[in-house]
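A.B. asks: If you scroll down you'll find the structure; I have some questions about it.
Number of protein chains: 2
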Amino acid sequence: MSREAKVPVTIVDVARKAGVSTATVSRVLHKSPKVDATTRARVQEALEELGYSPNIPARSLVTKRTRTVGLVITTIADPFFADIVRGVEDVAIENDYGVILCDSNADPEREMATIRLFQEKRVDGIIVASSRVGDLYLGLLEKTKVPVVLVNNEKTGAYVYSIGTDDVAGGEMATEYLIRLGHRRIGYIAGLADAKSNHDRLTGYRQALRKHGLPFDSSFLAPGNARPDGGLSGMNQLLTNCPSLTAVFCYNDLTAIGALKALRIAGKSVPDLVSVMGYDDLLFAAYSEPPLTTIEQRKYDLGAIAMRMLLDLQSGVESVSNNVLEPRLVIRESCSPAKS
Amino acid sequence: MSREAKVPVTIVDVARKAGVSTATVSRVLHKSPKVDATTRARVQEALEELGYSPNIPARSLVTKRTRTVGLVITTIADPFFADIVRGVEDVAIENDYGVILCDSNADPEREMATIRLFQEKRVDGIIVASSRVGDLYLGLLEKTKVPVVLVNNEKTGAYVYSIGTDDVAGGEMATEYLIRLGHRRIGYIAGLADAKSNHDRLTGYRQALRKHGLPFDSSFLAPGNARPDGGLSGMNQLLTNCPSLTAVFCYNDLTAIGALKALRIAGKSVPDLVSVMGYDDLLFAAYSEPPLTTIEQRKYDLGAIAMRMLLDLQSGVESVSNNVLEPRLVIRESCSPAKS
DNA sequence: ATTGCCGGTGTAAACGTTTACACCACGACC
DNA sequence: GGTCGTGGTGTAAACGTTTACACCGGCAAT
């Protein structure tokens, strides 16, 4: 306003202006009770007038807290991770934390660069939603003691916590629904082979089969890559190898839209000739043709809870180390009773 | 290895171990040429053995550079922004920069919190891909002198630079293609009303109409929100108000998939009865039913270039202040010649 | 009236770097 | 044999905070 703010206003400028020491300024900044009301007011005013903005890096130097967390995900291009990011961020910003994002793209070199960056920036915690990587990080945290929370990838170890969806339950739920609809020959199009979530969903699938006395046939399995193109090629493979399939469970919704496209090209109508089940319940699942029956994960909550765990860890609250959220079946139109 | 690293290894630990001063250690860290080869080797070794990791916040205190940029986007849930984020990040990490991400969600309160956070963290630059917000930021940067680059939202001002797609060309290109296919009554489903990109695309649409001597009819315009639900309701409105439309240009692909769904529900087949044009060329545009004809934006490059501009600004290179990328028409199957 | 306590405040050290400046030894030049 | 670089190194101040500790003055208790 009247006062023209010199670019970097420091605590000593404020102190001088208010006629107090820097210690006192610092105290009012931290709402310490041990400062007289009138002094506080005077400082408050100086703060305003000068347009003071605390220098967090400087503060970090002495407090050893940066109010920053690192978040590494497989790829932001997958809307599933986008929602996780939203969750993390919302609770971070509520608590005046910043989030440094890195998508690893499953590139090991990139991952190492990310770790190094997080270390050098002295982040207060790390959230890893990149299932492939989990293991790599164990080394890091042993040394740096920075708390890590893993999303959808529980692991054990000191300073390691996790939050995830019960993917075996999800896989079972999906498969069981298909079985209930009368399907007997059900395929599975996989995600990234080394992802825990892929492994778990497949386990759920096999569990459901067993539970209903259905044989497991490994030729019903097709590889995928958690992306539409993988769903497309996986479905094509299934179509040529096992034309008798009447339903297919896809690792995720992205895979499913690829499968849908393959089916469309092959002229097999969905769900009349083959039923398609997704996983994740992404936004567009409701908009595909036909709308996708899928398993909902609480993506946003996965992120929000992960961040909250980190916050608790900061403040010394010892939170549970392994959290799991239940998946939920969302019925739309891509699955129908098997023709007998 | 043999040496057990004490958790926070500082430059003085290294100096002691190598028998040199901290200044020398700092010099080898920065590859200063003015250090003897044998000394350098000795320091190098100490560095390794101690597992030293520089403390960036501490460094920032003296250099006044944090190697961090702030990125604010409308919402990470829109894959368009996800790609921008990827672009920013890729070039950031290549240059050892960190990116603090914030999605504003078009919430003004949230936006202010974001700005404050960026300020306090003393970011070296800010990238704004949240068109609505641009203006808000002008105030901030006047004071802090931190360089800002705006994506798809050029503005003028000191310290403000921009990179964007030529949206009026894009809008014109889209509309013109429909006109060439013989369409005469073409609707437009809008995005966020106050977004520059929405305004520009609409301008392009009107320009194409005028160019081909077609009248502009404001009842052919429907509101949207840049999301599928807005596309759905916008299309429904068009369907009831102007049943004679044979084509519709959508603000973006997300809007288009909503429109596609509305059309499907109404039993109007695409593209036979009505042609649908999108914008952005998101990944799933190739997977929708029918595959979407759309205008491609170089989303990734938008982000990458923005980050590069910031980097140039840091190093004093005076880069051009207003960059624009050309859009491109991607023909798939959602548009066909008008039935006469 | 002395003592003790305590609310309120200031002093100064510490955090981990970078860097201007001073210094030293040594060889080259005159 | 001085003088002058000059390559290599160390010293110490600075960056903006927080916080342990000391200090002071006044009030209550004795």
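These protein sequences, in sequence, are chains A and B.
Under the numbering used here, the first sequence is numbered contiguously, ending at residue 340.
Under the numbering used here, the second sequence is numbered contiguously, ending at residue 1340.
Glycine included, C-beta positions come from ideal geometry on N, C-alpha and C.
1) So with CB distances below 8 angstroms, who are the chain B contacts of A341/A?
2) From the beta carbon of V1025/B, is the nearest beta carbon of chain A less than 8 angstroms away?
3) I'd like to know if I1127/B contacts chain A, where contact means its C-beta is closer than 8 angstroms to some C-beta of that chain.
4) Quick check: is the beta carbon of K1143/B nearer than 8 angstroms to any beta carbon in chain A?
5) Shortest alpha-carbon distance to L1209/B belongs to which of G1224/B, Y1097/B and R1185/B?
6) By how many angstroms is the C-alpha of L302/A removed from the C-alpha of E176/A?
7) Count the other C-beta atoms from every protein chain shown that fall within 10 angstroms of the C-beta of S275/A, then say buried if there are 16 or more, exposed otherwise.
8) Just confirm the distance between the C-beta atoms of A190/A and Y251/A, as a whole number of angstroms; I'd bet it's less than 8 angstroms.
9) Output, in chain order, the set of chain A residues within a Cβ distance shorter than 7 angstroms of D1103/B.
10) Once the 5 residues before and after V1330/B are set aside, which same chain residues still bring their CB inside 6 angstroms of it?
11) Should V1014/B go down as buried or exposed, given a rule of 16 or more other Cβ atoms within 10 Å for buried?
12) Does I1265/B get closer than 8 angstroms to chain A when you measure Cβ to Cβ?
13) What do you get for G1271/B, buried or exposed, if any count of 16 or more other CB atoms within 10 angstroms of its CB means buried?
14) Counting only the same chain and skipping the five closest in sequence on each side, list residues whose C-beta sits under 7 angstroms from that of S130/A.
15) I want to verify the contact list: residues of chain B whose CB lies under 7 angstroms from the CB of K261/A, in sequence order.
16) Using DSSP with H/G/I as helix, E/B as strand and the rest coil, what is V12/A?
17) Per the contact definition of three or more C-beta pairs closer than 8 angstroms, is the segment 194-205 of chain A in contact with the segment 163-178 of chain A?
18) Look at the Cβ atom of V1012/B, then the Cβ atom of T1024/B, and state whether they are nearer than 8 angstroms.
19) Taking 7 angstroms as the cut-off, does the CB of A1082/B come closer than this to any heavy atom belonging to the ligand FAD?
20) Measure the C-alpha to C-alpha separation of S1269/B and N95/A and round it to an integer number of angstroms.
21) In chain order, which continuous runs of the beta strand (DSSP E) of length 3 or greater are located wholly inside the segment 1214-1260 of chain B?
22) So that I know if they touch, is there some Cβ in chain A lying closer than 8 angstroms to that of V1160/B?
23) Any beta carbon of chain A sitting closer than 8 angstroms to that of V1320/B?
24) Is the CB-CB distance between E289/A and R1264/B below 8 angstroms?
25) Would you check if the distance between the CB atom of I93/A and the CB atom of C1102/B is smaller than 8 angstroms?
26) Report all residues from its chain with a CB closer than 6 angstroms to the CB of L1313/B; omit the five preceding and five following residues, and keep chain order.
27) Which same chain residues end up closer than 8 angstroms to I1076/B when comparing Cβ atoms and leaving out the 5 residues on each side of it in sequence?
28) Give the single residue among V43/A, E48/A, T38/A and G70/A whose Cα lies nearest to the Cα of L311/A.
29) Is there at least one Cβ from chain B nearer than 8 angstroms to K268/A's Cβ?
30) Does the Cβ of R1122/B have 16 or more other Cβ atoms within 10 Å, making it buried, or fewer, making it exposed?
31) Do you know offhand how far A1262/B's Cα is from S1233/B's?
32) Hey, which unbroken runs of the alpha helix (DSSP H) at 4 residues or more fall wholly within the segment 1158-1197 of chain B?
33) Is it buried or exposed, K1006/B, if we count other Cβ atoms within 10 angstroms and call 16 or more buried?
34) Which one or two residues does DSSP pair with G1070/B in a beta bridge?
35) If I measure Cβ to Cβ from F216/A and keep anything under 8 angstroms in the same chain, skipping five residues before and after, which residues do I get?
36) Name the chain A residues whose beta carbon is nearer than 7 angstroms to that of T1066/B?
C.D. replies: With the given structure in hand:
1) Outside the displayed range of chain A (1 to 340) lies residue 341/A, so it cannot be described from this structure.
2) no
3) no
4) yes
5) R1185/B
6) 25 angstroms
7) buried
8) 5 angstroms
9) R86 and E89
10) D1281, T1294 and E1296
11) buried
12) no
13) The residue asked about is misnamed: residue 1271/B is Pro in this sequence, not Gly. P1271/B should be labelled buried.
14) V72, I73, T74 and S104
15) Y1287
16) helix
17) yes
18) no
19) In terms of ligand content, the structure shown is empty, and the ligand FAD therefore cannot be addressed.
20) 49 angstroms
21) 1247-1250
22) no
23) no
24) yes
25) yes
26) P1147
27) A1082, V1085, L1101 and D1103
28) G70/A
29) no
30) buried
31) 8 angstroms
32) 1167-1180
33) Note that K1006/B scores a pLDDT of 48, beneath 50, so its modelled location is shaky; the value from the coordinates is reported in the next line. The residue in question, K1006/B, is exposed, as its Cβ has fewer than 16 Cβ neighbours within 10 Å.
34) I1100/B and I1126/B
35) R206, L209 and R210
36) P57
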